[in-house]
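Chemist: In the order they appear, the protein sequences are chains B and G. Throughout, this note's numbering is defined as the position within the first sequence, counted from one, plus 169. Throughout, this note's numbering is defined as the position within the second sequence, counted from one, plus 169.
Number of protein chains: 2
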Amino acid sequence: MIPVNPERFLAELHELRRFGASGVGKGVVRPAYSKADIEARQWLAGRMKAAGLKTHFDPVGSLFGLAGEKSLLMGSHSDSQPEGGWLDGALGVMAALEVARASRETGGPPVSVVSFQDEEGRFGVTTGSTVWSGKLSLEAADELTDRDGVGFAEARASMAHLTGDFVDPAQFDGFIEMHIEQGPWLYEAGESVGVVESIVGIRDMRITFEGEQNHAGTTPMHRRRDAFQGLAEFNARINARFRNVVTPATVWTIGHVSLHPDAHSIVPGRAVFSMQWRDGDAGRLARMEEIIRETAQEVATERELDLSIGPMLGLEPMDMDAHLRAALEGAAEEAAPGRWRRMPSGALHDATNVARLMPSAMLFVPSIDGISHAFEEDTDERDLVAGLKVLAGAVERLQG
Amino acid sequence: MIPVNPERFLAELHELRRFGASGVGKGVVRPAYSKADIEARQWLAGRMKAAGLKTHFDPVGSLFGLAGEKSLLMGSHSDSQPEGGWLDGALGVMAALEVARASRETGGPPVSVVSFQDEEGRFGVTTGSTVWSGKLSLEAADELTDRDGVGFAEARASMAHLTGDFVDPAQFDGFIEMHIEQGPWLYEAGESVGVVESIVGIRDMRITFEGEQNHAGTTPMHRRRDAFQGLAEFNARINARFRNVVTPATVWTIGHVSLHPDAHSIVPGRAVFSMQWRDGDAGRLARMEEIIRETAQEVATERELDLSIGPMLGLEPMDMDAHLRAALEGAAEEAAPGRWRRMPSGALHDATNVARLMPSAMLFVPSIDGISHAFEEDTDERDLVAGLKVLAGAVERLQG
Chain B
170 MIPVNPERFL AELHELRRFG ASGVGKGVVR PAYSKADIEA RQWLAGRMKA
220 AGLKTHFDPV GSLFGLAGEK SLLMGSHSDS QPEGGWLDGA LGVMAALEVA
270 RASRETGGPP VSVVSFQDEE GRFGVTTGST VWSGKLSLEA ADELTDRDGV
320 GFAEARASMA HLTGDFVDPA QFDGFIEMHI EQGPWLYEAG ESVGVVESIV
370 GIRDMRITFE GEQNHAGTTP MHRRRDAFQG LAEFNARINA RFRNVVTPAT
420 VWTIGHVSLH PDAHSIVPGR AVFSMQWRDG DAGRLARMEE IIRETAQEVA
470 TERELDLSIG PMLGLEPMDM DAHLRAALEG AAEEAAPGRW RRMPSGALHD
520 ATNVARLMPS AMLFVPSIDG ISHAFEEDTD ERDLVAGLKV LAGAVERLQG
Chain G
170 MIPVNPERFL AELHELRRFG ASGVGKGVVR PAYSKADIEA RQWLAGRMKA
220 AGLKTHFDPV GSLFGLAGEK SLLMGSHSDS QPEGGWLDGA LGVMAALEVA
270 RASRETGGPP VSVVSFQDEE GRFGVTTGST VWSGKLSLEA ADELTDRDGV
320 GFAEARASMA HLTGDFVDPA QFDGFIEMHI EQGPWLYEAG ESVGVVESIV
370 GIRDMRITFE GEQNHAGTTP MHRRRDAFQG LAEFNARINA RFRNVVTPAT
420 VWTIGHVSLH PDAHSIVPGR AVFSMQWRDG DAGRLARMEE IIRETAQEVA
470 TERELDLSIG PMLGLEPMDM DAHLRAALEG AAEEAAPGRW RRMPSGALHD
520 ATNVARLMPS AMLFVPSIDG ISHAFEEDTD ERDLVAGLKV LAGAVERLQG
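(1) Excluding the 5 residues flanking R199(B) on each side, which residues of the same chain have their C-beta closer than 8 Å to its C-beta?
(2) Using only alpha-carbon positions, find the residue among T388(B), V336(B), A269(B) that is nearest to P437(B).
(3) Nearest-angstrom Cα distance between D317(B) and G290(B)?
(4) From L232(B) to A495(B), what does the alpha carbon distance come to, in whole angstroms?
(5) Quick one: Cα of F411(B) to Cα of A455(B), how far?
(6) Along chain B, which residues have their Cβ under 8 Å away from the Cβ of D342(G)?
(7) Along chain B, which residues have their Cβ under 9 Å away from the Cβ of D334(G)?
(8) For V197(G) and I407(G), what's the separation of their Cα atoms in angstroms?
(9) Does the distance from the C-beta atom of F226(B) to that of G363(B) stay below 9 Å?
(10) Would you say D519(B) faces chain G, with C-beta separation under 9 Å as the test?
(11) Would you call the region 238–247 of chain B and the region 335–355 of chain B touching, i.e. three or more CB-CB distances under 8 Å?
(12) By DSSP, does A508(G) sit in helix, in strand, or in coil?
(13) Does any residue of chain B bring its CB to less than 9 Å from the CB of W421(G)?
(14) By the three-class DSSP mapping on this structure, what secondary structure does A530(B) have?
(15) Could you spell out the range, first to last residue, of the alpha helix (DSSP H) harbouring F188(G)?
(16) Can the beta-carbon of A385(G) be found less than 9 Å from the beta-carbon of T377(B)?
(17) Compute the distance between the beta-carbons of L526(G) and G303(G), then report whether it is under 9 Å.
(18) What residue from S203(G), A501(G), E467(G), Q382(G) has the CA that sits closest to P430(G)'s CA?
(19) On the criterion of 16 or more Cβ atoms from any shown chain inside 10 Å, does G221(B) qualify as buried, or is it exposed?
(20) Taking the beta strand (DSSP E) that M481(B) falls in, what are its first and last residues?
(21) Go through the region 292–322 of chain G residue by residue and report every complete run of the alpha helix (DSSP H) that reaches 4 residues or more, in order.
(22) Figure out for me which residue from E181(B), A326(B), G244(B) has the closest Cα to the Cα of H348(B).
(23) Under 9 Å between the Cβ atoms of G258(G) and S284(G)?
(24) On the CB-based measure, 16 or more other CB atoms within 10 Å of its CB, does E471(B) come out buried or exposed?
(25) Going by the beta-carbon positions, is the gap between Q351(B) and S541(B) smaller than 9 Å?
(26) Determine, for Q351(B), whether the minimum Cβ-Cβ distance to residues of chain G falls below 9 Å.
(27) Return the first residue and the last residue of the alpha helix (DSSP H) that R566(G) is part of.
(28) Going by DSSP, what residues sit across from T464(G) in a beta bridge?
(29) Starting from Q445(G), find everything on chain B with Cβ-Cβ shorter than 8 Å and list it in chain order.
(30) For a contact meaning CB atoms closer than 7 Å, what does F397(B) contact in chain G?
(31) State yes or no: is the beta carbon of A369(G) nearer than 9 Å to at least one beta carbon in chain B?
(32) Counting Cβ pairs, one atom from each stretch, are 3 or more of them under 8 Å apart for the region 499–516 of chain G and the region 320–336 of chain G?
(33) Can you find the residues in the same chain that come closer than 6 Å, C-beta to C-beta, to G479(B), ignoring five residues on each side of it along the sequence?
(34) Check the C-beta distance from I368(G) over to H518(G) and give it rounded, since I have them as a contact under 8 Å.
(35) Short check: CB of M481(G) to CB of E458(G), under 9 Å?
(36) Could I get the ranges of all uninterrupted alpha helix (DSSP H) runs contained in the region 352–440 of chain G, with 4 residues as the minimum, in chain order?
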C-alpha cells in the first residue's frame with residue numbers, strides 16, 4: 170500500500186481548521202469566497218506545491234493540484250456551511266493530498282488533488298463542480314446571488330488575481346471523493362467506512378391547497394375549507410401510504426410551510442408547502458410521485474380545496490463507477506475487515522457532477538451521532554485514518 | 170308596536186354605504202378614522218339631530234345620539250374592515266336610529282343611539298367600546314398602533330375638532346345591538362332572526378414544538394425529531410378527541426404556522442403555531458384546554474420534542490341579559506313566528522364590552538352564505554326589515 174502518514178495527515182487537517190475556526194469545539198465558519206476560505210485555499214496551494222503538485226485555480230476559484238500527467242483525481246471541497254464543522258469536505262481534500270504526496274514520494278501512481286469552490290451552495294448547489302462539469306455555464310452562474318444579494322460574478326472577482334482557465338478533465342482517469350457520511354448509519358453500526366453505491370436522486374416540488382379564508386369565530390367546522398387541515402391530512406396519508414413503498418434509506422420531508430393569511434383568528438385560505446423526497450432508485454422515486462399526486466388530489470376533492478402543484482425539480486440517482494467501487498471495496502475489506510458496508514449517499518456531493526466528466530466514486534467515514542453542518546460535527550480520528558488507508562489502498566489497486 | 174318606517178330605514182342604510190363605497194356590489198372600505206369614516210359619522214350626526222337626538226362624540230370618536238333622559242341605548246359601529254360589506258355594524262346603527270326616531274315621533278319610550286369607533290380593530294379589538302367600558306384606559310389605548318405604525322393617539326387627534334368627554338353610562342337602562350350573524354346558521358335554516366344567548370368565550374395560545382434541525386437527505390426517518398410532524402400529529406389527535414366534547418357551534422383553528430428554518434432541504438427543527446378555540450360554555454373551553462395540553466405533551470414525549478406553551482389569552486363567555494333577551498324573543502315570535510332561534514355569537518361585538526356597564530343583548534339577522542368581512546356580504550332586505558321590527562317590538566315590550 171502507498172505508505173501514507175496518518176500523523177502528518179491529521180496534523181494538516183487540524184491546521185486547516187484554524188482558517189475560520191469559530192463557535193464551539195472544532196467549529197468552522199468558512200463559506201465560499203470569505204476571507205477565511207480564500208486564505209485557506211492559498212495555504213492549501215502552498216501544501217500542494219510542497220508536495221510537488223502544480224497548482225491552478227480555475228475561473229470560479231476551485232483549486233487543483235495537478236500531477237502533470239494522466240492521473241487519478243481525488244478531493245472534495247474546503248468551503249464550509251455558514252456554521253459548519255472541521256471535516257465535511259475538508260477531510261476529502263486533505264486525505265487526497267496525503268495520498269498524492271505519499272505516492273509521489275515513493276514512486277507510486279500519479280494522483281491529482283482538487284478542492285472545489287462553493288460546494289455548500291452559498292450561490293447555487295455544488296456550484297464549482299457544477300460549472301466545471303458544464304451543467305451550468307459560467308455566464309448563467311454569474312447571475313446567481315447569495316442571501317444578501319451579493320452576485321456570484323462579484324464574489325469570484327475577489328479571487329481574480331489567483332485564477333486562470335478551466336482545467337481540462339481529459340487529463341484524469343477518474344475521480345474519488347472521500348467525505349463524512351453526514352448521517353448516522355455507519356456510526357450506529359460501529360463501522361468505519363462506507364463505499365457509496367449511488368448518490369440518491371431528489372424530487373422536490375411546491376404544493377398549494379387553496380380553500381376559503383374565513384372568520385375563525387363565526388364559521389362552523391362543517392362549513393370550513395381550511396387549507397391547513399388539507400395539508401395535515403395529506404401529510405398523514407402519504408406517511409401511511411409510503412410504508413408499502415419505501416426502504417429504510419428512503420427519506421421525505423415537508424420543510425417549508427406558508428399559510429395565508431397566517432393569523433390566529435382566520436381560517437387559513439391557502440397553504441403552500443414543500444414536498445421533497447430522495448431515494449437511490451428512480452422507479453421508487455416515480456412511485457412516490459404517483460402517491461403524492463394521487464393523495465393531494467384526493468384530499469383536495471374531499472375537502473373542496475383547489476390544488477396546484479409547481480414544477481418538479483428532479484435530480485436523477487447517480488450510480489458510482491463499478492471499477493472504482495471495486496477498488497474501494499477491496500481496500501476497505503483489507504483496512505477495516507468486517508467494519509465497512511456498501512451504502513447510498515443521501516446528500517448531493519461534487520462527485521455527482523464530476524461523474525458527468527469521468528468515472529467517479531465515493532468513500533464515507535462515520536459522523537458521530539449523524540451530526541453535520543453544525544459546529545459539533547466530528548469523527549473518531551481512528552476512522553479518519555481508516556478512510557485515508559482505504560483511499561491509498563484503492564489507488565494501489567487501480568494501478569495494478 | 171312603535172311604527173318604524175322600513176322604506177326610510179332601507180333608504181338611509183343605502184345612503185350610508187356611499188361613504189367608502191368600493192370593490193364589487195355593495196362593498197365598503199371605511200376603516201376607523203379614514204376620511205370616509207369621519208364623513209360618515211358627520212352625516213350620521215346630522216341624521217341623529219334631525220331625529221331630535223343630541224349628538225356627542227366621545228374622546229375616541231364614538232358617536233352618541235342622546236335622548237336627553239334615562240333611555241335604552243341601541244346601536245353598533247359604522248367603521249368597516251379594510252375590505253368590508255355595507256351591513257356589518259352599519260345595520261345596527263341605522264336600525265337603532267329608525268327605532269329611536271319612530272318612537273320619538275309617536276311619543277314612545279326614549280331611545281339613544283350609538284356608533285362605536287374602531288370596532289373592527291384597526292388598532293385594538295372593539296377599541297371604542299373597550300375604552301368606554303373602562304377595560305382599557307385611554308392612555309393605554311394611545312399606545313396602540315395600526316399595521317402601518319400609525320398611533321391611536323394620532324388617529325383620534327384627526328377627530329379632535331368634533332370630540333368631547335366620555336358619555337356617562339348611568340343615563341342608560343340597557344343596550345341592544347343588532348348585527349348580521351356573519352355565520353351561516355340562520356341562512357342555512359331559512360330563518361330571519363337570531364336572539365343571542367351569549368357571546369362565546371375565546372382561548373388562544375401559541376404552542377412551540379422544538380425538535381432537531383437536520384439534513385433532509387442524510388437523516389433517516391427513524392432518527393428525525395421533525396417539529397412539523399409533531400404539529401401534524403397534534404392536529405390529528407385533537408380533531409379526534411374534541412369530537413366527544415364539542416357541540417356543532419364549537420370552533421377551533423390553527424391559523425398561524427411558522428417553521429424554522431423553513432427550507433425544502435432541512436428537517437424542521439421548530440414549529441410555532443396558534444391554537445384558538447371558542448365556545449359559549451366556560452366549562453367546555455376548560456375541557457378543551459385540558460385536551461390540548463395533554464395531547465401536546467403526549468406528542469412531545471412520543472416524538473422527543475420539547476414543548477412550550479405561551480400565555481393563554483382568555484375572554485370569558487358573556488351571557489346576554491335575561492330580561493332584554495325575553496323582550497327580543499317575544500318580539501321575534503311576533504314579527505317572525507317560527508323563523509327565529511336562540512343562538513350563541515361566535516364573534517366578539519361591542520355588546521361584550523357594554524355588558525360590563527349595563528344589561529345588554531343582541532339580535533342577529535342572516536348573512537347570505539355566511540359571508541362577511543368581504544365586499545360580497547349581504548342580507549335579504551326582508552330579513553333586514555324583520556330585524557328592525559323585532560328591535561322596535563322589544564323596545565315596546567320593555568316599556569310595558
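Here a beta-carbon is modelled for each residue, glycine too, at the ideal position from N, C-alpha and C.
Modeler: Quick answer:
(1) If you ignore the 5 residues before and after R199(B), its C-beta comes within less than 8 Å of the C-beta of F188, G189, A205, D206, A209, S247, D248, S249, G253, all in its own chain and listed in chain order.
(2) T388(B)
(3) D317(B) and G290(B) have their alpha carbons spaced roughly 13 Å apart.
(4) 28 Å
(5) 12 Å
(6) The premise fails here: D342(G) is roughly 29 Å from chain B at the closest Cβ pair, so nothing lies under 8 Å.
(7) Per Cβ cutoff of 9 Å: no residues; D334(G) is ~33 Å from chain B at best.
(8) 38 Å
(9) no
(10) No, no contact with chain G.
(11) Enough Cβ pairs lie closer than 8 Å, so yes.
(12) The amino acid occupying residue 508(G) in the given sequence is Arg; Ala does not appear at that position. Three-state result, R508(G): coil.
(13) True, the Cβ-Cβ gap to chain B drops below 9 Å.
(14) strand
(15) Note, F188(G): premise wrong, no alpha helix (DSSP H); not H, not E.
(16) No, the pair does not count as a contact, with Cβ atoms beyond the cut-off.
(17) Result yes, Cβ atoms of L526(G) and G303(G) sit closer than 9 Å.
(18) Q382(G)
(19) Classification of G221(B): exposed, given that the 10 Å Cβ count is below 16.
(20) Looking at the DSSP string, M481(B) is not in any beta strand (DSSP E), and its letter there is neither H nor E.
(21) 296–301, 307–310
(22) G244(B)
(23) yes
(24) The residue is exposed, with fewer than 16 neighbouring Cβ atoms inside 10 Å.
(25) In this structure, Q351(B) lies near S541(B), with their beta-carbon atoms less than 9 Å apart.
(26) Yes, Q351(B) counts as interfacial toward chain G.
(27) 550–568
(28) The partner list for T464(G) (beta bridge, DSSP) is empty, contrary to what the question assumes.
(29) A385, H433, S434
(30) By Cβ distance, chain G contributes I423, V426.
(31) Note that residue 369(G) is Val in the sequence shown here, rather than Ala. True, the Cβ-Cβ gap to chain B drops below 9 Å.
(32) no
(33) M374, R375
(34) The Cβ separation is near 6 Å, so the contact holds.
(35) Their beta carbons are under 9 Å apart, which means M481(G) touches E458(G) by this criterion.
(36) Runs of alpha helix (DSSP H) with 4 or more residues, each lying fully within the region 352–440 of chain G, are found at 354–358, 396–411, listed in chain order.
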